[in-house]
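Trainee: Reading the sequence shown from the start, the letters are residues 2 to 390 in my numbering.
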Amino acid sequence: TMAIFFAAFLILFSILYSSLNDAFDSVSESFDEKYEYMNDRLDTQVTILDVSYQRDSNTLDIRVQNTGSKVLDISKVDLVLEGTIPASFNKSIQGTDTEVWLPMEVLTITVDDPDVSFEADLDPRASFTNDASLSAPANISVGESVYVLDGQDIDVFTLGSVFDFTITDSSNMVSPSDLKVWGDYLYVLDEGTHIDRFGLDGAWVDRIVNDTTNSSVLTSFSVDSEYIYIIDNRSHIDRFGLTTGIFVDSIVPNGGTMTSPRDIFVSSHIFVIDYSSGYHVDMYGLDGSGGTELVGTAGLSSPTDICASANGLDDVYVYVVNGSNEVAVFNATGSPVDTVDSLLSDSVIAVDVTGKMYVSDNVNGLVVENLGTNIKVVVENGISCVTVQ
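So this is what it looks like as structure tokens:
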């Protein structure tokens, strides 16, 4: 009997030991997995370096650095723009498609035709200024870099407001007054008579518009993918070919809705600051048709410069240097949205908007203001980084 009892005890002990051992192994394995997961989370870090919107290609580029110690799987990277996951986006490292994202490497996420609005009612704003190398900042234009007209020169900054270099060409920039960047070229209005074309590195290319027959005193100009639009003699708007500089037509004559145009910007429409018994902003179709007053005299105070949201974006906002100390923002119907004056002096000169608001200020230099676009990048292990542009 004792032998049977002892045998039964051994069997029971063996079963209990096996169960306890399995349970311990399971707990240990679970702990190891959780420990490994926590270590992976600690080793996984990413940082959004910068965000840029290119109006000529209608693309949004987001540069993200792997600042952790873990090699990441690019296929597991997700993107959220203003609460929505884009239908598709491209991911590359130094222009190469790859699945491996090594520590310290920078991943570029490119979104074609992004569904973003770049509204202007962010409060508070994350703003900063840079007065490096600027002595008399005037007009401004933004592409892959920021170009600020400064006396007879053009100072070039990164999109993050870091000074890069200065374009100096006394032979081909005698008295520059306006500039626009589009694609691979920088277009500069000089001496009020012609427009020169430069490479983005500042090298002079050619005199793209030099037509004394169809243009007399050039006041201001804008560009799109096909044409150069010029205010001529503060009287009317002429159109020239973008690649040839050849006169095409006069699309908005003097009289009617236009009396004394001062500044022009082209995106989804032609937007013009005009003066006739007071300042107002007019809007035309790209062929010059359908002229209508967008913003009346009551909403303006001596406006000097205008720009608008890029043609590819769903929502249109118009930005006007209003008076000398603020940028007034209007929606597509001309209703006021916001007034921007943070970090601005009483000598605001010009504005351009391509994902951020860039302001040329005669006192503070280059002023950069975020517009409130929420961007979130998610990688493996649930790690994410967020920025508001």
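Backbone N, C-alpha and C fix where the C-beta goes; we use that ideal spot for every residue, glycine too. A quick note: this is a predicted structure, and the numbers were derived from the prediction, not measured.
Of the choices Asn91, Thr45, Asn140, whose alpha-carbon is the least far from that of Leu73?
Mentor: Of the listed residues, the one whose Cα sits closest to Leu73 is Thr45.
Trainee: Specify the secondary structure class of Gly366 as computed by DSSP and reduced to three states.
Mentor: Here Gly366 carries a strand assignment [DSSP, helix/strand/coil].
Trainee: Here's the rule I'm using: 16 or more other beta-carbon atoms within 10 Å means buried, otherwise exposed. How should Lys71 be labelled?
Mentor: buried
Trainee: Which residue from Asn365, Asn312, Val349 puts its Cα closest to that of Asp57?
Mentor: Asn312
Trainee: Apart from the five residues just before and just after Ser223, which ones in its own chain have a Cβ nearer than 7 angstroms to its Cβ?
Mentor: Lys181, Tyr230, Ile265, Phe266, Val267
Trainee: Please give the ranges of any beta strand (DSSP E) in the segment 149-204, keeping only runs that are unbroken, at least 3 residues long and fully inside the region.
Mentor: 154-158, 164-168, 177-183, 186-191, 195-200
Trainee: Contact check, Phe158 vs Ser146 under 8 angstroms by CB: the rounded distance?
Mentor: About 7 angstroms; that satisfies the 8 angstroms criterion.
Trainee: Below 8 angstroms on the Cβ atoms is my guess for Asp113 versus Thr60; work out the distance and round it to an integer in Å.
Mentor: 6 angstroms
Trainee: Does the beta-carbon of Asn131 have 16 or more other beta-carbons within 10 angstroms, so that it is buried, or is it exposed?
Mentor: Buried: at least 16 other Cβ atoms inside 10 Å.
Trainee: Suppose the cutoff is 6 angstroms on Cβ atoms and the five residues either side in sequence are ignored; what does the same chain contact list for Gly69 look like?
Mentor: Asp44, Thr45, Gln46
Trainee: Taking contact to mean 3 or more Cβ pairs, one atom from each stretch, closer than 8 angstroms, check whether the segment 303-318 and the segment 328-346 are in contact.
Mentor: yes
Trainee: Here's the rule: buried if 16 or more other CB atoms are within 10 angstroms of the residue's CB, otherwise exposed. What is Phe166?
Mentor: exposed
Trainee: In chain order, what residues of the same chain lie with their CB nearer than 6 angstroms to the CB of Ile75, ignoring the 5 residues before and after it?
Mentor: Lys92, Glu100, Trp102
Trainee: Could you compute how far the alpha carbon of Ser290 sits from the alpha carbon of Leu150?
Mentor: Ser290 and Leu150: Cα-Cα distance of roughly 32 angstroms.
Trainee: Let me make sure I understand the geometry here. Which of Val206, Val378, Asn382, Asp275 has the alpha-carbon closest to that of Thr48?
Mentor: Val378
Trainee: Alpha carbon to alpha carbon, what distance is there between Thr355 and Tyr228?
Mentor: 20 angstroms
Trainee: What are the residues that DSSP puts in a beta bridge with Arg64?
Mentor: Asp51, Thr109
Trainee: Applying the 10 Å Cβ sphere with the 16-neighbour rule, what's the burial state of Glu390?
Mentor: Residue identity differs from the one stated: residue 390 is Gln in this sequence, not Glu. Answer is buried; the Cβ neighbour count reaches 16.
Trainee: Thinking Asp191 and Leu201 are a contact (beta carbons under 8 angstroms), I'd like their distance in whole angstroms, please.
Mentor: In fact, because the Cβ distance is near 18 angstroms, the residues do not count as touching under 8 angstroms.
Trainee: Between which two residues does the beta strand (DSSP E) holding Ala351 run?
Mentor: 349-354
Trainee: Is the beta carbon of His237 closer than 8 angstroms to that of Ser251?
Mentor: yes
Trainee: Is the beta carbon of Leu367 sitting closer than 8 angstroms to the one on Ser162?
Mentor: yes
Trainee: Using the rule of at least 16 other Cβ atoms within 10 Å of the residue's Cβ for burial, across every protein chain shown, is Pro254 buried or exposed?
Mentor: exposed
Trainee: Whose CA, out of Tyr148, Leu314, Pro337, Cys308, lies closest to the CA of Thr298?
Mentor: Pro337
Trainee: What residue range does the beta strand (DSSP E) around Leu80 cover?
Mentor: For Leu80, the uninterrupted beta strand (DSSP E) run begins and ends at 79-82, by DSSP.
Trainee: By Cβ distance, which residues of its chain are closer than 6 angstroms to Tyr54, with the 5 residues on each side in sequence left out?
Mentor: Leu61, Thr355, Gly356
Trainee: If you count every other CB in all the chains shown that lies within 10 Å of the CB of Val28, and 16 or more means buried, which is it?
Mentor: Here Val28 scores only 47 on pLDDT, less than 50, and its place in the model is too uncertain to base an answer on.
Trainee: For Gly286 and Asn67, I'd like the C-alpha separation in whole angstroms.
Mentor: Whole-angstrom Cα-Cα distance: 45 angstroms.
Trainee: How should Gly84 be labelled, buried or exposed, when 16 other C-beta atoms within 10 angstroms of its C-beta is the threshold for buried?
Mentor: Exposed: under 16 other Cβ atoms inside 10 Å.
Trainee: Is it the case that the Cβ atoms of Ile350 and Ala139 are separated by a distance below 8 angstroms?
Mentor: yes
Trainee: Could you say which of Val380, Asn371, Asp156 lies nearest to Asp170 if we only look at CA atoms?
Mentor: Asp156
Trainee: For Arg208, which residues does DSSP report across the bridge?
Mentor: Asp197
Trainee: Using only the alpha-carbon positions, how far apart do Tyr38 and Asn382 sit?
Mentor: Note that Tyr38 scores 48 on pLDDT, short of 50, meaning its location in the model is unreliable; the coordinates nonetheless yield the value given after this. Whole-angstrom Cα-Cα distance: 8 angstroms.
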